[in-house]
Structure formats: C-alpha cells, structure tokens
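**Student:** Position 327 (the sequence shown) corresponds to 496 in my numbering; numbering is contiguous.
Can you read through this structure? Questions will come right after.
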Amino acid sequence: MIRVAQSGVLVSLLLLLEVLCSRVDASNPGIVAKITQKGLNYACAEAVTTLEKELLMITLPDFKGDFKIKHLGRGEYHFKSLNIKSVELKNSKLDLLPGEGLKASISNAFIHVDGDWKARKSFLKVDGSIDLQVEGISISVSLQLSSDSSGRPTVTSKKCSSHIADVDLHVSGQIGWLLNLFHSQIESKFRRILEDKICEIVKKSVASDLQPFLQTLPVIAKIDQIAAMDYTLTGPPQATSHSLDTPFKGEIFRQSDHSPVPFEPPAMTFPEDHDLMVYFGISERAFNTASQVYWESGFMSYTITDDMIPPSFSIRLITSSFRALVPQLGKLYPNMPMELQISTSSPPVMEFISGNVTLTPVMDLQAFVIQPNSLRAHLFSLSLKISAWATMGVNANRLVSSVTPGSLFTMELKHSDIGPINVPLMQAILKHYALSTLLPAVNENLEIGFPLPLPRNIQLHDLIIQPYQDFVLLGANVKYTKK
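Structure, rendered in structure tokens:
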C-alpha cells in the first residue's frame, strides 16, 4: 500500500501554452495536462505584459501628406520621430473555443504617441511637436498550435485583426493651427498605420517570443545514466468548456534501447477540479515503465556481502553468525564468508487506486558460502513477499517519492542444501536489515525522481498530489519568472 502525500512547489505560465500542441497516436497517453481557464487567464496576462513592452520599443514609420488652403494653395506636411510613450492593454482574454482551439483578445486599450512635425509651403518652413492619444483599441488573434517532427510544440498566429475607435491629435508649433485644420485626415491616416502595425507586432511577438519559448520544452528528459522520459505529444489538444487537454507519451525508456514498452497505459478519468491553473494526470504506466527499465538493466538484483552490513549490526555475513538459523551451516562451512543475492523474477508493479497506491513485489533470496578456493556453494533459497507505502512530492521540477514498509513481510523456504532453517528468525533478521540499511538506499535512488515537462523559467506552487484509479493527479498554480 502506498500513501501519496501533498507537498509543495510546481509550475507556471505558457507551459500552459506548451501543452497545446499535437501529435496523433492511437494509444492512451501516459501523461495528460489540463490547463484550466484560470491558467489561460494567467498566460494571457503574461503575454499582454510582454506585448506592452514590445509596443514601447517600436518606432512608428514617418509619413507625409499635403494640404490645400484657399488663397494659399498647396503645401506639404511631414510627421517623424513617432514613438509610443505609454501603452495600456486592458480587458485581455484567452478564450477556450470547444472543439476549435483558442482565441486571444484585448479591448478598450490605450496608446499615447508623441513625435515631431514639419510643414512647407513654397519657401516657408515651419515645425513643431505632436501629441497623439489613441483610444478604444481592440485586438483579436487566433493561435494555431501544432508540433514539429521532433514532437515539440509549435505556435503560429492564424488570424489577427485590430480596430481603433478614436484618434485624438494635438499639434503645437508656430502655425500648428494650420495642420489642425486637417486633423481628421491625419487622424484617419494614423489609424490605418497603427492598426497594421499592431498586428505586425503581435505576429512578430508570437514568432520571436512565444515560439522559441515553447521550443524549450524537453521532449526527451534524462533521468540518470540509465533511463530517460519521453515527453513527445501523442494527440491533438482538446478544448472543452473548462480546460485545454493535451496528451503526452509519458514513457520512461532505457537510453541504450528506446524500444516500445510491453503494456499500454489505462485511460484516466479526471475529477472535476478547476481551482488551480494546471493539472497533470500521470498514469501508473509512467512508474511501471521505470520499473521495467531498471529491472531489465539489472538494477533490481542486489548482492549483499559482509562489508555492506553496518558495524553496529550484530549478525555478520559469516557462517558462525548463522548457527542459530541454520544449525548445519557452521559444521559444514566453519567461519566462512557468506553472500546473499536478492532478485525479482519480474518487474514490480505499482497500482494506483483512489486514495493510495499498492506495491507488492515478490523477491527471491539465495544464500551462498564463499569457500577457501573462492568457489561459491549454494546454501538455500527463500521467497520474500513484502508491501510498501510511498509518499510522493516534488523537488524543484522533478516528481520524487520515498518508500516505507507496509504490514506484509513474509518469507518461505523454497529449497535448502544444508538441512532445516529457522525461517521465522531469518525473517526477523532480514526485516531489520531491510529497514535499517536497504530501505534508505532505495529511497536515496527514488529521490532522484523524474523531471516534469516544463519549459524554461517556470515555477510551480500550491501543489496538490492525490492518487486516483490508475493514475496520480498533480495540480498547481504557476508562475513565470523571466530572467
């Protein structure tokens, strides 16, 4: 049995958008990410902050025009050095369109522009400054989300439109009143320029900021020298009325041989929770593929020798210490070193049910004596069946766990080459060793954990972890910390 506790620290921002990508696969995903409307709202606010900064950095193009005044004839004007001094993008939204995708919109935005002007009529030249208030700006953009051949997410702006409700131009200078006579014509031209420029900046921001950010999402994440996690996408995102759901492969594999695992992940049924920004459903298969990889790599077979026994432990791995357990041992092999080998015939399987997780591995223990000629002689074989409880949490961006023993720890004699064995006493001794020495070593490895699919500069907080049927649910709020 495994109890899964709540623990703290997990994700942020446009991991919210990174999970919007797609790839098609017939099997169930190993990991499903759900971005709620709360998460999309946060992503939109961060994107708008970036867009405001982008707008402040641009220089608007110069433009020219002419004017005609009765009795004076025609003249020319020229607006230059046009800079956006302040921007306020209000009422931003990132909406879910069930069955379609996402739509980002901004309404009632404001931009303040200043610059210089000059005018010429024949030999007469005048100049001054301008102040332009642009109000009632609305922007709408559709995002097309997909994936490239490596399984990484891609994003492009599918359609962008902008509209300006009001442009108010004020001209100062020696004969600024002259240009004010034509303010409606000038304001109309400003409106067209700004509407085109706004969508140009939006598209540029998507291409130069958001797309490279999504590309920082790892599709293959190294765990250690043996294993890695496959985070390629397995299907298109599904927009619902509450969340945007995206499936990941979520499979741990051996780095030297990325071959398919022999079992499919079960389907996951999420609870109706929408209070946090993002939820991850991690199938029990993600954990069991890890078990398969490490078992195949030989990391679930242990050899215990006397130098691995703590000095404080009274029972040593020499035949004289086992006289009470195996009466014939000391007579047949006096004062000789021993060796214990622990292995499993198959990878241990972890099963998630509502409220807890069950892990009940069956192991074989074989005892050998090391003879003076260095040859090993088999003594006896035992079968061990144990249960364990685990606590899960997150350390930085890695899902980690630790194991504590359950109530089940039984041992049966399978075969003996040296006569009767005191199995109950052997069981008590091995249980004590497992708790004091073997278990801490196992937990040290489990603390390595495996990385979560996070792009750069993402932090998770307000984390909850809860097991359900066939999967564990991680929920979190997120924060984007641009460095």
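Don't be surprised by glycine CBs; every beta carbon is placed ideally from N, CA and C.
All figures in this text were calculated on a predicted structure; none of them were measured in a lab.
Per DSSP, which one or two residues make a beta bridge with K327?
**Tutor:** Start at 1 with the first residue of the sequence shown, and residue 327 comes out as number 158. Beta-bridge pairing links K327 to no other residue.
**Student:** Whole angstroms is fine: what's the gap from A216's alpha carbon to H427's?
**Tutor:** Indexing the sequence shown from 1 puts residue 216 at position 47. Indexing the sequence shown from 1 puts residue 427 at position 258. The straight-line gap from Cα to Cα measures roughly 37 Å.
**Student:** Per DSSP, which one or two residues make a beta bridge with N566?
**Tutor:** Residue mapping note: residue 566 aligns to position 397 of the sequence shown, counting from 1. For N566, which the question treats as bridged, DSSP gives no partner whatsoever.
**Student:** Rounded to the nearest angstrom, what separates P574 and A603 at their Cα positions?
**Tutor:** Walking along the sequence shown from the start, residue 574 turns up at place 405. Walking along the sequence shown from the start, residue 603 turns up at place 434. Going by the C-alpha atoms only, they are around 9 Å apart.
**Student:** Exposed or buried, which one is P434 when buried takes at least 16 other CB atoms within 10 Å?
**Tutor:** As a working note, residue 434 is residue 265 in the sequence shown. P434 comes out buried.
**Student:** Got a sec? Which residues, its chain only, sit under 8 Å from A334 by beta carbon, not counting five neighbours each side?
**Tutor:** Stepping through the sequence shown from its first residue, residue 334 is reached at position 165. Contacts found: E304, G305, I306, S307.
**Student:** So what does DSSP say about M561, is it helix, strand or coil?
**Tutor:** One-based indexing of the sequence shown puts residue 561 at position 392. Note: M561 maps to strand in three-state DSSP.
**Student:** Cβ atoms of E223 and K233: under 8 Å apart, would you say?
**Tutor:** Within the sequence shown, residue 233 is the residue found at index 64, counting from 1. Within the sequence shown, residue 223 is the residue found at index 54, counting from 1. No, Cβ-Cβ distance for K233 and E223 is not below 8 Å.
**Student:** So, at 8 Å on beta carbons, what are the nonlocal neighbours of I253 in its own chain, with the 5 sequence-adjacent residues on each side left out?
**Tutor:** Counting from 1 along the sequence shown, the entry for residue 253 is found at position 84. If we look at I253 and ignore the five residues flanking it on each side, its Cβ neighbours are L224, L225, I227, L229, I280, H281, V282.
**Student:** Does G588 pass the burial test, meaning 16 or more other C-beta atoms within 10 Å, or should it be called exposed?
**Tutor:** Within the sequence shown, residue 588 is the residue found at index 419, counting from 1. Burial call: exposed.
**Student:** Around the Cβ of I617, are there at least 16 other Cβ atoms within 10 angstroms (buried) or fewer (exposed)?
**Tutor:** For the purposes of this step, residue 617 is taken as the residue at position 448 of the sequence shown. Exposed: under 16 other Cβ atoms inside 10 Å.
**Student:** Run through DSSP, which three-state label would E508 get?
**Tutor:** Walking along the sequence shown from the start, residue 508 turns up at place 339. Of the three classes helix, strand and coil, the one that applies to E508 here is strand, per DSSP.
**Student:** Flag this pair as yes or no: are the beta carbons of G644 and S452 separated by less than 8 Å?
**Tutor:** The residue given as residue 644 occupies position 475 in the sequence shown. The residue given as residue 452 occupies position 283 in the sequence shown. Result no, Cβ atoms of G644 and S452 do not sit closer than 8 Å.
**Student:** Strictly by DSSP, which residues pair up with N646?
**Tutor:** What you label residue 646 is simply residue 477 of the sequence shown in a count that begins at 1. Beta-bridge pairing links N646 to H630.
**Student:** What is the C-beta distance between D264 and L258, in whole angstroms, given that I count them as a contact (C-beta under 8 Å)?
**Tutor:** For the purposes of this step, residue 264 is taken as the residue at position 95 of the sequence shown. For the purposes of this step, residue 258 is taken as the residue at position 89 of the sequence shown. Contact doesn't hold; Cβ gap of about 16 Å is too wide.
**Student:** State the CB to CB distance for the pair S255 and S309, rounded to an integer number of angstroms; the pair is presumed to be in contact (CB under 8 Å).
**Tutor:** By one-based count along the sequence shown, residue 255 stands at place 86. By one-based count along the sequence shown, residue 309 stands at place 140. Actually they are not in contact, since the Cβ atoms of S255 and S309 sit about 22 Å apart, beyond 8 Å.
**Student:** Could you check how far apart the C-beta atoms of V371 and C329 are, in whole angstroms? I think they sit under 8 Å.
**Tutor:** To locate residue 371, count along the sequence shown from 1; it is residue 202. To locate residue 329, count along the sequence shown from 1; it is residue 160. Correct: roughly 5 Å between the Cβ atoms.
**Student:** Closest to L621 by CA distance: which of L551, P593, L568 is it?
**Tutor:** Residue mapping note: residue 621 aligns to position 452 of the sequence shown, counting from 1. Checking every option, the nearest Cα to that of L621 belongs to L568.
**Student:** Can V572 and L608 be called in contact, C-beta distance under 8 Å?
**Tutor:** Position 403 of the sequence shown holds residue 572. Position 439 of the sequence shown holds residue 608. Yes, Cβ-Cβ distance for V572 and L608 is below 8 Å.
**Student:** Taking C-beta to C-beta, are T385 and P530 nearer than 8 Å?
**Tutor:** By 1-based counting over the sequence shown, the position of residue 385 is 216. By 1-based counting over the sequence shown, the position of residue 530 is 361. For T385 and P530, no; Cβs fall outside 8 Å.
**Student:** So is E269 buried or exposed if we call it buried at 16+ other beta carbons inside 10 Å?
**Tutor:** As a first step, residue 269 must be located in the sequence shown, where it is residue number 100. Exposed, because fewer than 16 other Cβ atoms sit within 10 Å of the Cβ of E269.
**Student:** Quick check: what's the CA-CA separation for G404 versus F417?
**Tutor:** Position 235 of the sequence shown, counted from the first residue, corresponds to residue 404. Position 248 of the sequence shown, counted from the first residue, corresponds to residue 417. The alpha-carbon atoms of G404 and F417 are separated by roughly 8 Å.
**Student:** Between L486, I367, F432, F248, which has its C-alpha nearest E221's C-alpha?
**Tutor:** Within the sequence shown, numbered from 1, the residue matching residue 221 stands at position 52. That would be I367, whose Cα lies nearest to the Cα of E221.
**Student:** Go to H281, then tell me how far its beta strand (DSSP E) extends in each direction, as first and last residue.
**Tutor:** The residue given as residue 281 occupies position 112 in the sequence shown. Start and end: 270-290.
**Student:** Can you give me the C-alpha to C-alpha distance between P503 and A610, rounded to a whole angstrom?
**Tutor:** Mapped onto the sequence shown, residue 503 falls at position 334. Mapped onto the sequence shown, residue 610 falls at position 441. Those two C-alpha atoms are separated by around 31 Å.
**Student:** Is the CB-CB distance between L553 and M595 below 8 Å?
**Tutor:** Taking the first residue of the sequence shown as 1, we reach residue 553 at position 384. Taking the first residue of the sequence shown as 1, we reach residue 595 at position 426. No; because the gap between Cβ atoms is not below 8 Å, this pair is not in contact.
**Student:** List the residues that DSSP assigns as beta-bridge partners of N127.
**Tutor:** Because the chain is modelled from 170 through 652, residue 127 falls outside the range shown and cannot be assessed.
**Student:** Based on Cα-Cα distance, which residue from Q540, S483, L577 lies nearest to S556?
**Tutor:** Along the sequence shown, one-based indexing puts residue 556 at 387. Closest option to S556, Cα to Cα, is L577.
**Student:** Tell me the rounded alpha-carbon separation between D631 and D317.
**Tutor:** Residue numbering aside, residue 631 sits at position 462 when the sequence shown is read from its first letter. Residue numbering aside, residue 317 sits at position 148 when the sequence shown is read from its first letter. About 32 Å.
**Student:** Output the distance between the C-alpha atoms of I537 and I634, rounded to the nearest integer angstrom.
**Tutor:** The residue you call residue 537 lines up with position 368 of the sequence shown. The residue you call residue 634 lines up with position 465 of the sequence shown. In the sequence on display, residue 537 carries Phe and not Ile. So the alpha carbons of these two residues sit roughly 44 Å apart.
**Student:** In the DSSP output, what is N525 paired with across the bridge?
**Tutor:** The sequence position of residue 525 within the sequence shown is 356, counting from 1. According to DSSP, which records beta bridges pairwise, N525 is partnered with I522.
**Student:** In this structure, what does DSSP give as the bridge partners for L607?
**Tutor:** In the sequence shown, counting from the first residue as 1, residue 607 sits at position 438. In the DSSP output, where bridge partners are listed per residue, L607 has none listed.
**Student:** DSSP three-state call for S318: helix, strand or coil?
**Tutor:** Position 149 of the sequence shown, counted from the first residue, corresponds to residue 318. Three-state DSSP puts S318 in coil, outside helix and strand.
**Student:** Which term fits A390, buried or exposed, when burial requires 16 or more other beta carbons within 10 angstroms of its beta carbon?
**Tutor:** Taking the sequence shown and counting its residues from 1, one reaches residue 390 at position 221. Buried, because 16 or more other Cβ atoms sit within 10 Å of the Cβ of A390.
**Student:** Rounding to the nearest angstrom, what Cα-Cα distance links N525 and S570 in this structure?
**Tutor:** On the sequence shown, position 356 is the one that residue 525 refers to. On the sequence shown, position 401 is the one that residue 570 refers to. Roughly 13 Å separates the two Cα atoms.
**Student:** Along the chain, where does the alpha helix (DSSP H) containing L501 start, and where does it finish?
**Tutor:** The residue you call residue 501 lines up with position 332 of the sequence shown. That run of the alpha helix (DSSP H) goes 498-501.
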